[in-house]
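Residue numbers (this note's numbering), protein chains in the order written: chain A, 923 to 1305; chain B, 923 to 1305.
Pasting the structure below:
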């Protein structure tokens, strides 16, 4: 309870404060390990699919064949978005950033779900699955809106393939599918980051899964959370060529400018996700005529590690994901919605996990203002 | 940083943990005082207007005449919602709870604001003012949708009057305006509650003010936060008459059922907001033919205080606000959107205050799961 002026110290931004327990995943920054339910990210990125990883995050084990079939059938039972929503997305993307369109789209889907006022666990699970099933089409529709093109509808059940097919209106190659699927797996969960925490705060009032994921997207939209790969790519394109890397980076560091795509709050060694994506980015860039972009990135990495590697500053996942998405043909404004296309797994899994032993999030604020009681002075007498 | 199994204790729901400083308001639960910027709530409820109180929460002092005029001019510069949005709200209210429609409406307004990707303080302030200016029309339009009636457009600049006029298609009486204005003032801010905290978590990523308020609404939708007055009224209507109060309440208490509208996490004495609303509820109920409802409430209060008053259980604001809104003619499904119509002041003021000394909210989760590394087994080999 707050009873006036206090001088106690507190952890700003709740830094270091434990807010929840989880069995879903952890980031071991010292050893450069990212773990989902006990599996190293390298193992899953190499062999698994995005649907399997989502199942793993949500239910705790890799699915049997029967479980997998049931899960994907539920995801695909009602995976279409309607023309009405597509029109609204077109309007929104004309006016503002596609993350606003995505936030509105998710909220709208929640408004149209007749079960969205049910709060029991099976209903919450069903809502999350329905939303996730529609997500590839929703993000692809935003991509089409950005391009000023009509919506594409695919009958493809695979999450990755459906998204790529509906984004570009043609079947992706096997290699494109593999690269993009890997990127989705790598971004599915990453500790209790700000958007994940936002989804948990919302679900803790027993609100619905659409509301939780709307809050997550509203939070991912902020430049302190999402958007780093968009900025990292813009910086690489500004540098333009490997030969400019040393000069421009040195100049930026002298001016104390932040080099996007480097350093991480948790990883003090090479980000395991960046290591995986780098290999794919190289091959993909070669195949799609973006070799100079990749070579510029490699040179920027070399310069940065030379200068700051001893301080634990290495490329993070955002440094290479931008090159991957650009090489696949995506508009950089779609990079953060693509992040959401993957992270919905983590948001859903962690909100759903939290509901099993729910407690309303309600920290305190420390009052440092006027205690009064002040006397009200009528408007005409105020100076 | 999280490095595997830990056994440390932590505060579930962040209970008691300080997450931020504020100069906006505080709840003194021991003495039954609610303070906005040093003013007791009774003083403001008696003499102020909702616009003045919003200015006070946002900027720290009551406005001079010139400041007040500038503030209300900014609120009303672009206060209309368009037919396109009204159609979407009609669709949403047909399918689900009006809080989903409100969440979608706010997100949509954000998508249509060309400045919603600017993160500087003046842009955030301008977005908050634009959204707040549209809020009476937005909530009134949801009310019209619920009633299956067309939208009403008023040129009235006053927040309270405009909302009532656009909700019912006729000018409110002076007394109706006074009562509703008071209810808005009483609900404008109440410590760092769950929806307010959600808005702060979202804004802390430097996301935009629409995103912050979308998260707040997504969180207020949950029955552990919003909706208590809707349930309290339903319970009173079920009791039906003062003579049934003792029996039904005793029976409910025996079955350990929660009596909505009683008790408060912070107030251990009579909720100062309930005290104010009770007087208005009495007079309004008499005037509008809801006397038996009010008398039932009074009897329920008497029974409850007899049984539980010594334990610090008293009526809270939700107990009497439902009677006020019902007497004014509102559908109970609109009660939580009305809460938002008022609380937007607190959400906006506290998110805006937080931005002045921003720090990303990023607490830790404690990993209690499998550490592995587990070996990936291909789908066909799983049992």
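We treat Cβ as the ideally placed atom computed from N, Cα and C, and that holds for glycine.
Would you decide whether residue 1172(B) is buried or exposed? Buried here means 16 or more other CB atoms lie within 10 Å of its CB. exposed
With three or more beta-carbon pairs closer than 8 Å as the criterion, would you say the region 1128-1146 of chain A touches the region 1042-1059 of chain A? yes
Identify every residue that forms a DSSP beta bridge with residue 1025(B). Per DSSP, none; premise fails for residue 1025(B).
With DSSP as the reference, please indicate the residues paired to residue 1287(B) in a beta bridge. DSSP, once it has assigned bridges, lists 942(A) as partnering residue 1287(B).
What are the boundary residues of the alpha helix (DSSP H) that includes residue 1035(A)? Run containing residue 1035(A): none; DSSP gives neither H nor E here.
DSSP state of residue 961(B), grouped into three classes? Reduced to three states, the DSSP call for residue 961(B) is strand.
Check whether residue 1024(B) and residue 1259(B) have beta carbons under 7 Å apart: yes
How many angstroms separate the CA atom of residue 1254(A) from the CA atom of residue 962(A)? Between the alpha carbons of residue 1254(A) and residue 962(A) lies a gap of roughly 29 Å.
Neighbourhood of residue 1074(A) by C-beta, 6 Å cutoff - its chain only, sequence neighbours within 5 removed: 1088, 1091
What residue ranges within the region 1237-1261 of chain B form continuous alpha helix (DSSP H) runs of no fewer than 4 residues, ordered along the chain? If we require 4 residues or more, the alpha helix (DSSP H) runs fully inside the region 1237-1261 of chain B come out as 1239-1250.
DSSP state of residue 1042(B) mapped onto helix, strand, coil: coil
Using the DSSP secondary-structure output, state which residues sit across from residue 955(B) in a beta bridge. Paired residues: 950(B).
I need the straight-line Cα distance from residue 1142(B) to residue 1267(B), nearest angstrom please. 14 Å
For residue 1019(A), would you say it is in contact with chain B, using Cβ-to-Cβ distances shorter than 7 Å as the test? yes
Give me, in chain order, the residues of the same chain whose beta-carbon lies closer than 6 Å to that of residue 1067(A); leave out the 5 immediate sequence neighbours on both sides. 1011, 1012, 1015
Compute the distance between the beta-carbons of residue 969(B) and residue 981(A), then report whether it is under 7 Å. Not a contact, by the Cβ cut-off of 7 Å.
Tell me, please, whether the region 1179-1198 of chain B touches the region 1227-1241 of chain B by the rule of three or more beta-carbon pairs shorter than 8 Å. yes
Neighbour list for residue 936(B) in chain A, Cβ cutoff strictly below 8 Å: What residue 936(B) touches in chain A: 936, 939, 941, 1283, 1284, 1285.
Bridge partners of residue 1270(B), per DSSP? Paired residue(s): none; residue 1270(B) is not in a bridge.
I'd like to check one pair, residue 1198(B) with residue 966(B): are the Cβ atoms closer than 7 Å? no
Within 10 angstroms of the Cβ of residue 991(A), are there 16 or more other Cβ atoms? Answer buried if so, exposed if not. exposed
Can you find the residues in the same chain that come closer than 8 Å, C-beta to C-beta, to residue 1275(B), ignoring five residues on each side of it along the sequence? 944, 945, 946
Alpha helix (DSSP H) segments (min. 4 residues) lying fully within the region 988-1021 of chain B: 1005-1017
Taking 7 Å as the threshold (beta carbon to beta carbon), is residue 1292(A) in contact with chain B? yes
Note down, in chain order, all residues in the region 1239-1267 of chain B with a beta-carbon under 7 Å from any beta-carbon belonging to chain A. none
Please confirm if residue 965(A) has its CB atom under 7 Å from at least one CB of chain B. For residue 965(A), the answer is yes, since a Cβ of chain B falls inside 7 Å of its Cβ.
Residue 1097(A) bridges to which residues according to DSSP? In DSSP, residue 1097(A) forms no bridge with anything.
Between 1102(A), 1240(A), 1002(A), which lies nearest to residue 1060(A) when the distance is taken from Cα to Cα? 1002(A)
Amino acids of chain A, ordered along the chain, whose beta-carbon sits closer than 9 Å to that of residue 998(B): Near residue 998(B) there are no residues of chain A at all, since even the closest Cβ is about 17 Å away, more than 9 Å.
When you check each C-beta in the region 1088-1101 of chain A against every C-beta of chain B, which residues fall closer than 8 Å? none
Using the Cβ count rule (16 or more neighbours within 10 Å means buried), how would you classify residue 1115(B)? buried
How far does the alpha helix (DSSP H) with residue 1205(A) in it extend, from its first residue to its last? 1194-1209
Do residue 1247(A) and residue 1200(A) count as a contact pair if the criterion is CB distance below 7 Å? Taking 7 Å as the cut-off, the beta carbon of residue 1200(A) is found no closer than this to the beta carbon of residue 1247(A).
Local Cβ density within 10 Å of residue 928(A), reported as buried at 16 or more and exposed below that: Bear in mind that a pLDDT of 46 at residue 928(A), under 50, signals an unreliable position, so the number given afterwards is only what the model happens to contain. Classification of residue 928(A): exposed, given that the 10 Å Cβ count is below 16.
With the cut-off set at 7 Å, would you say residue 934(A) and residue 1281(B) are in Cβ contact? yes
Run down chain A in chain order and give the residues with a C-beta less than 8 Å from the C-beta of residue 1299(B). 984
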